[in-house]
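Sequence lines, in order, name chains F and Z. Mapped onto my numbering, the consecutive letters of the first sequence carry residue numbers 1 to 327. Mapped onto my numbering, the consecutive letters of the second sequence carry residue numbers 1001 to 1327. For every residue, glycine included, the Cβ atom is placed at its ideal position computed from N, Cα and C. What you are looking at is a predicted structure, and each value in this text was computed from that prediction instead of being measured.
Number of protein chains: 2
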Amino acid sequence: MRVVITGGAGFLGSRLAAAILARNTLTDARGVERAVREVVLVDVAAPRPYDDPRVRAMHGSLEERAFVDAAVTPDTDSVFHLAAVVSGQAEADFDIGMRVNVDATRHLLERCRACTTPPKFVHASSIAVFGGALPDPLPDDAPVTPQSSYGTQKAIGELLVNDMSRKGFIDGRALRLPTIVVRPGKPNRAASSFASGIIREPLAGIEAICPVAPETELWVQSPRAVVENLLVGHDVDASRLPAFRALNVPGIAIAVSDMVAALRDVAGAAVAERVQWRYDPAIDRIVSTWPARFDARIGPALGMRADADFATIVRDYIAELDPQLAA
Amino acid sequence: MRVVITGGAGFLGSRLAAAILARNTLTDARGVERAVREVVLVDVAAPRPYDDPRVRAMHGSLEERAFVDAAVTPDTDSVFHLAAVVSGQAEADFDIGMRVNVDATRHLLERCRACTTPPKFVHASSIAVFGGALPDPLPDDAPVTPQSSYGTQKAIGELLVNDMSRKGFIDGRALRLPTIVVRPGKPNRAASSFASGIIREPLAGIEAICPVAPETELWVQSPRAVVENLLVGHDVDASRLPAFRALNVPGIAIAVSDMVAALRDVAGAAVAERVQWRYDPAIDRIVSTWPARFDARIGPALGMRADADFATIVRDYIAELDPQLAA
């Protein structure tokens, strides 16, 4: 298997690459489990060093067609498309979101269409494709009516993935990921960035701002579970996917106040008190359009899993930060 | 009002232009009813001659950006976007469908965004955005899961119209039109072309082929009603539109066999017997993914109307063919 991961140097891409390298096999579009020959990490940033001959880093922008053409060689078997302009930035700058989230995605798909065998294509979509007044909990077949540019662009990607799969150009599957918590590193321009910040920064001794109301609920999943679900979504046979090839990845629904309460339980009151509540209408306007509770049935039927609870997510994050501390 | 109609030389565009010229007023994006100053007919074909100083014909392809830029001047108040690669052709040639139905639509929207005041933008969408296993009748908030390239491309247009309206770039509304029956002229590459052919050709003394099963149901509307509904959809204030700016135009559900029975009732058995039943799986595969029965509530609440019944549609068509014959 030759596997391309866009956003491969990022936090999620690195974890996915590590998981694929550790497993060493993936199921191809014909249903055959094959050894992983090459993992190509495509990113604007350079990845961390890998001491593994199967890893190849390619450094460049998906907006450059020649770069995409070089990355997705005709013998590519799988593409995990994680790279995107995040929600806050896509809302602030419509054009850059369209260029990266739509145009670059489309060119990537076109390049996959030119492969010798139609590759598997895992499109990292988002619950941001949903918006407006929605049933609670949200069923799997809820209408896609995004109320943000990011959600719009992800929904366009889903439509392309579905139709190009139907035409036999690719073997695609769009996976709508919950908000991923806890992301390590620095805040980014995702409207949901605070959801990791209110756990990560207090644990690092830094104050964090929560820009939404305490009762705001989010649909969240740990990085570990997301990676496992991306692999399940990749490996599953196309015949088991819904007729329209997009599905909601399971998660857990939790109020922001309960996230902070879990942080208090796990790490103590002094840590939890580093969360500052400062309402930001621009962020709340985006976040509040996302559904927080899903009745996700298709994903679990395929073998996808949610985390056990939020305290476990916090403990796992602490354990990864400092394995000795957690032991 | 400066009004641009893409596909303005076509059958529907011509009727729409005539209706706008006859009314002489439209309601602009600020809710003000204003006189129609100019109707610009944009088409790859030349329109029929108009003896009206308000009409301007512009002959060219929407794929040419400079042409679109020349057509949509900054003082444009309204765009009716009717031009499209039809369903059968979009299915046979994915790329031309993407270029015209997606890329040209997007450039047209971008050009509207550059107007002095955000213009009204009526996107002629289609019930082909729906597909697969669907509730019967289909509610207004049914999920958009197209199973054809045409439906996919129309759905992408809807997403763009909605998001660009939300951003204030345009004042858009996507209207999902039923199958229009009876279209005059020649068969086209729409998968639904037969639905007009089985009425039009027998009345002209010519045999017509029906490529779907007699019990196949369609959601149909006469050209006259579609034009009226396009004008309702244009004039309605944005505040009355659904949060996601796409809606199902009302129609009537009828089996193909009942269409032929209505033709027999109106025009006689000899005419109806000119319909030949010859099943074509390629056409049936597309048509059968479209829902035939809708529970359309939003459109009627805005003032949109369905035809009274199919016999009336046939009689109206005959009357227009030859007003003396029908008298």
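Beta strand (DSSP E) segment containing Phe121/F, residue limits = 120 to 126
For Lys1120/Z, does the count of other Cβ atoms within 10 angstroms reach 16, so buried, or fall short, so exposed?
-> buried
Residues bridged to Leu1175/Z (per DSSP) | Ala1124/Z, Leu1247/Z
Residue from Ala195/F, Val42/F, Ala124/F with nearest C-alpha to Ala246/F | Ala124/F
Kindly indicate if chain F contains any beta-carbon less than 8 Å away from that of Val1144/Z.
-> yes
How is Thr312/F classed by DSSP in three states: helix, strand or coil?
-> helix
How far does the beta strand (DSSP E) with Glu217/F in it reach, from first residue to last?
-> 217 to 221
Note down, in chain order, every chain F residue with its Cβ under 7 Å from the Cβ of Asp1141/Z.
-> Pro143
Limits of the unbroken alpha helix (DSSP H) element including Val1095/Z = According to the sequence as given, residue 1095/Z is Asp; it is not Val. First-last of the alpha helix (DSSP H) with Asp1095/Z: 1094 to 1097.
Does DSSP put Val1003/Z in a helix, a strand or coil?
-> strand
Between Met259/F and Phe194/F, which are expected to be in contact by the criterion C-beta below 8 Å, what is the C-beta distance as a whole number of angstroms?
-> About 10 Å; that fails the 8 Å criterion.
Leu1026/Z (DSSP reduced to helix, strand or coil) | strand
Would you list, in sequence order, the uninterrupted beta strand (DSSP E) runs of no fewer than 3 residues that lie entirely inside the stretch 57 to 91 of chain F?
-> 78 to 81
With DSSP as the reference, label Ile1206/Z as helix, strand or coil.
-> coil
Where Arg1166/Z and Tyr1317/Z are concerned, what is the direct C-alpha to C-alpha distance, given to the nearest angstrom?
-> 40 Å
Give the straight-line distance between the Cα atoms of Arg1305/Z and Ile1252/Z, rounded to the nearest whole angstrom.
-> 10 Å
C-beta atoms of Asp43/F and Gly7/F nearer than 8 Å = yes
Does the pairing of the stretch 266 to 275 of chain F with the stretch 227 to 237 of chain F give three or more beta-carbon distances under 8 Å?
-> no
Can you find a C-beta in chain F that's less than 8 Å from the C-beta of Phe1094/Z?
-> yes
Nearest-angstrom Cα separation, counted from Pro1047/Z out to Ala1327/Z = Model confidence at Ala1327/Z stands at a pLDDT of 47, short of 50, so the residue's coordinates are unreliable; what they give is reported in the following sentence. Taking the straight line from one Cα to the other gives about 29 Å.
Chain Z contacts from the stretch 227 to 255 of chain F (Cβ-Cβ distance under 9 Å) = Pro242, Ala243, Phe244, Ala246
When the Cα of Ile206/F is compared with those of Thr216/F, Pro214/F, Lys186/F, which residue comes out closest?
-> Lys186/F
Ala255/F, enclosing alpha helix (DSSP H) - first and last residue = From DSSP, Ala255/F is part of no alpha helix (DSSP H) but of the beta strand (DSSP E) over 252 to 255.
Per DSSP, cross-strand counterpart(s) of Ile1180/Z = Gln1221/Z
For Asp1265/Z, name the three-state secondary structure that DSSP assigns.
-> helix
What's the call for Thr117/F, buried or exposed, on a 16-neighbour Cβ count within 10 Å?
-> exposed
Which residues does DSSP pair with Trp277/F in a beta bridge?
-> Cys210/F
Take Val1068/Z as the anchor and find which of Ile1096/Z, Arg1015/Z, Glu1110/Z has the nearest alpha-carbon.
-> Glu1110/Z
State the DSSP-derived secondary structure class of Phe130/F, mapped to helix, strand or coil.
-> coil
Indicate whether at least one CB of chain F lies closer than 8 Å to the CB of Ile1156/Z.
-> yes
Taking the Cβ atom as the reference point for each residue, do Gly97/F and Ala90/F lie within a distance shorter than 8 Å?
-> yes
Using a Cβ-Cβ cut-off of 8 Å, state whether Ser149/F counts as contacting chain Z.
-> yes
Where Ile298/F and Ile199/F are concerned, what is the direct C-alpha to C-alpha distance, given to the nearest angstrom?
-> 30 Å
For Asp1163/Z, which residues in chain F fall below 9 Å Cβ to Cβ?
-> Phe94, Pro146, Gln147, Ser148, Ser149, Gly151, Thr152, Gln153
Bounding residues of the beta strand (DSSP E) (the contiguous stretch that carries Ala40/F) = Looking at the sequence provided, one finds Val at residue 40/F rather than Ala. Unbroken beta strand (DSSP E) run through Val40/F: 38 to 43.
Below-8 Å beta-carbon distance, Ala133/F vs any chain Z residue | yes
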